[in-house]
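Quick note: the working numbering has the sequence shown finishing at residue 276, numbered continuously throughout.
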Amino acid sequence: MQIRYNTAKPFPKIAITLLLTAIVAVGLYFAAQIPAEQSGKLFVSLGEFVCKYDVALITAIVAINIIELVDYFVFAKRDEVINANFELMQNHIGMLSFFKQYFAPLFTHGPYIFATEERKSALLRKAVNLIVGLLKFAIWLVVAAVVVVRALNPQFADFVGSADPDYLYTLLVLSALVNCNVFVYALYRVLPFYNVRTYEIVHRYSDGSTRTTEEHHTNFVAMILLSAVIYLFLTVFYPSALANKIVRNIETNKFCRFVDNSDYNESILGFYREK
């Protein structure tokens with residue numbers, strides 16, 4: 002038996018990101034061309050739907066976020082190993098690579114599995130991440146359409162302003178929840194850096210008396226802000242997050258075919274071997 006080597010090159014994520022962005026941009030442009038009366042009726046129908054089934058929709062969104070969050074926690078260490086080797090083999094070394102490494106499940110571009118032994122988990126991870134990603138993208142797209150058309154079409158903006166405010170409010174709540182698990186996971190990852198410092202301040206007065214007080218300073222606000230920045234980036238630019246999931250599925254399929262045709266245990270170290 003002969004050991005098979007491979008010189009696979011990672012599928013460029015930028016290509017998927019640009020394609021999704023172009024599709025979204027074209028779709029939103031044509032949505033803005035719809036007459037205000039027709040788009041207004043669509044908005045009312047959408048608003049009535051989300052207000053009527055708000056609890057069910059929130060429950061569904063939270064549920065898919067929990068499913069994805071469980072994937073983050075269960076496979077966090079594996080994704081860290083995959084990302085570390087994947088980035089190193091592409092000679093990506095720097096602060097950005099370190100950042101992506103620390104929050105690996107959110108930014109990993111490599112396959113969902115590292116070696117042959119994990120082959121059985123590939124299908125489950127691919128399905129979970131792609132299905133959840135597409136569901137989130139659908140919700141994101143609806144909210145983006147309302148926001149963009151409202152900005153580009155003054156008549157539609159007036160219609161939205163005169164409609165029941167609960168319609169827009171409920172949509173914004175749903176959009177805020179779409180990626181809530183990202184904020185939770187990012188905050189979890191930075192919690193080990195939580196720190197409290199206590200300072201003693203001595204107040205001296207003109208009569209010679211003194212008074213000592215204590216002040217406490219923590220970095221919790223900075224941790225919240227960092228988690229919020231990651232959350233906002235992956236929410237506002239959700240096509241980039243979806244592109245990441247699609248690329249990981251592509252890379253997993255390529256690696257699985259390589260594994261299935263090999264007589265030995267393989268890893269991504271052999272799959273992405275340099276020429």
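All C-beta atoms in this analysis are idealised placements derived from N, C-alpha and C, irrespective of residue type, glycine included. Please read all numbers here as calculations on a predicted model, not as lab measurements.
When the Cα atoms are used, ASP261 and ALA146 turn out to be separated by approximately 43 Å. Taking the Cα positions, GLU215 is about 39 Å away from LEU70. Burial is judged here by how many other beta carbons sit within 10 angstroms of a residue's own beta carbon; LYS127 has at least 16 and is buried. Annotation: LEU29 to ARG151 spans about 11 Å, alpha carbon to alpha carbon.
In the three-state DSSP reduction, THR211 falls in the strand class (E or B).
By the C-beta density criterion, LYS78 is exposed, having fewer than 16 other C-beta atoms within 10 angstroms. In the displayed model, TYR200 falls within a strand according to three-state DSSP. Here LEU107 is buried. Its C-beta has 16 or more other C-beta atoms within 10 Å.
About 6 Å separates the Cβ atoms of PHE44 and VAL161, confirming a contact at the 8 Å cut-off. Distance between LYS14 and VAL197, taken at the CA atoms: about 40 Å. In this structure LEU131 is not in contact with ILE65, their Cβ atoms being roughly 12 Å apart against a cut-off of 8 Å. In this structure, DSSP gives SER268 an extended state, which the three-state scheme calls strand.
Proximity to GLY134 across ASN245, ARG258, LYS255 peaks at ASN245, based on C-alpha coordinates.
Residue state for ALA164 is assigned as coil, using DSSP reduced to three classes. Per DSSP, the continuous alpha helix (DSSP H) segment holding THR253 begins and ends at 239–261. Counting C-beta pairs with one atom in each stretch, the region 247–262 and the region 213–233 have fewer than three that are closer than 8 Å, which means they do not touch. For the pair of segments examined, the region 79–88 was found not to touch the region 50–63: the number of CB pairs separated by less than 8 Å stays below three.
The region 224–243 makes contact with the region 181–193; the number of CB pairs closer than 8 Å reaches 3 or more.
By the 16-neighbour rule on beta-carbons within 10 angstroms, ASP165 is exposed.
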